[in-house]
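Have a look at the structure below before the remarks.
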Amino acid sequence: MRAIVAEAFGNPEVLKLKEIPKPVPGAGEVLVKVEAASVNPLDIQTRRGDYAEYVSQPFRLGVDVSGTVEAVGDGVEGFTTGDDVFYSTRVLENEGGYAEYHTEQAKIIAKKPTSLSFVEAASMPIAASTAWVCLIERGRLKAGDRVLILGGSGGVGLFAVQIAKLTGAHVVATCRKDAQGLVKELGADITVDYRASNSWEKLDQHNGGGFDVIVDLIGGNAIEESLTLLASGGRVVSIVDQPQPQSLYAGWDVNAEIHLVFLSPNADRLSRLGSLADRGLLKPTVEQTLPLEQAAEAHRLIEAGGRTGKIVLVTS
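Number 80 in our numbering belongs to position 85 of the sequence shown; there are no gaps in the numbering.
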């Protein structure tokens, strides 16, 4: 089968299309004929070597998959040949969705939403699940809360805006000026151009006495800045690596909570998100599709920044 393989860490050019053996599902696993695999920032970080101590070389990438079950291993229940599925792989353990076939544990796989194409479904697992964990599981967002989403036009951000609005929250989101229309269409009540020199001051004007939940999808000094905008007992939830120390002093007066999220696959959560999609309540945003052999170009596009939605690789 064809698959993207990297012999070493480095720039996008290390990603090569190769012929490798087709995998065989073990006990508790399914073999999936991959139709689409979305590209995530985690893929870029892994390729660069950010997690080198956990990744053996050569290595493969791809944590978001949609496709059709081709075979099932011993002990698998709930799936049969021909089922359309979508899932996120075990991160840093079983990546390899940039390929024509992939095997994964059946317990973390979900049936694909019938209303979505394979491309749309592949764009959901990591991004939508991360948004759900940040807002619902960690942020404990509820109707009437005020939420700030920093990075509302990215892959996770666009799902976060929709989930926050479905919850009944008042949604403020930062994004590029040219993406404000889409972000508002998906549910943001107020958008702020993060490129504006006074963006934090503008957010302060819109905090309504303090945000109950702030989701950091941008990194930098966002946690430190966010603490000044929190309501009493508010939560800051971040998915970004924190390479530089930040002052947490502003969080003392409001008894702030700070959560750092690293997603674990969960089939039940993914099924719930798929149900929302089938009901028309959660809409994927795919910016561009590329053939599998152009994985390096997909990485270059993401590293260039300014993306709105997801980039997805297709196998045919």
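Built from N, CA and C at the ideal position, the CB exists for glycine as well.
As the structure is a computational prediction, the values presented were derived from the model and not from experiment.
- The secondary-structure analysis by DSSP pairs V25 across a beta bridge with V67, E99.
- For L111, no alpha helix (DSSP H) run applies, since DSSP gives it neither H nor E.
- The shortest C-alpha to C-alpha distance from A164 to any of D207, N193, G152 is the one to D207.
- Assignment of beta-bridge partners to H254 by DSSP yields V232.
- Taking C-alpha positions only, V156 is separated from V249 by approximately 25 Å.
- In the DSSP secondary-structure assignment, H165 is bridged to R141.
- Setting aside the 5 residues that flank it on each side, T76 is surrounded in the same chain by V64, E65, A66, V67, each with a C-beta closer than 8 Å to its C-beta; the list follows chain order.
- In this structure, DSSP gives K278 a state outside helix and strand, which the three-state scheme calls coil.
- Contact annotation: the region 282 to 302 touches the region 27 to 45, with at least three C-beta pairs closer than 8 Å.
- K13: member of the beta strand (DSSP E) spanning 10 to 14, first to last residue.
- For the options V166, Y46, G205, F74, the alpha carbon positioned closest to that of A262 is the one of F74.
- Nearest in C-alpha terms to N193, of all of D211, I213, T169, is T169.
- Leaving aside the five residues that flank A22 on each side, the residues in its chain whose CB is nearer than 7 Å to its CB run, in chain order, G68, D69, G70.
- Contact between F154 and A126 holds: their C-beta atoms lie close to 4 Å from each other, under 8 Å.
- In this structure, V232 keeps its C-beta atom at 8 Å or more from the C-beta atom of L198.
- Going by DSSP, I121 is part of the alpha helix (DSSP H) stretching over 120 to 127.
- Collapsing the DSSP output to three states places Q283 in a strand.
- Cβ neighbours of I218 within its own chain (closer than 8 Å, five residues either side excluded): D211, V231, S233, Q237, Q241, L243, I253.
- Here A174 is buried. Its C-beta has 16 or more other C-beta atoms within 10 Å.
- The Cβ neighbour count for V142, taken over all protein chains shown within 10 Å, is at least 16; the residue is labelled buried.
- Taken through DSSP and simplified to helix, strand or coil, A(-2) comes out as strand.
- V19 sits away from I104, with the two beta carbons spaced by 8 Å or more.
- For the pair G304 and G150, the CB atoms are nearer than the 8 Å cut-off.
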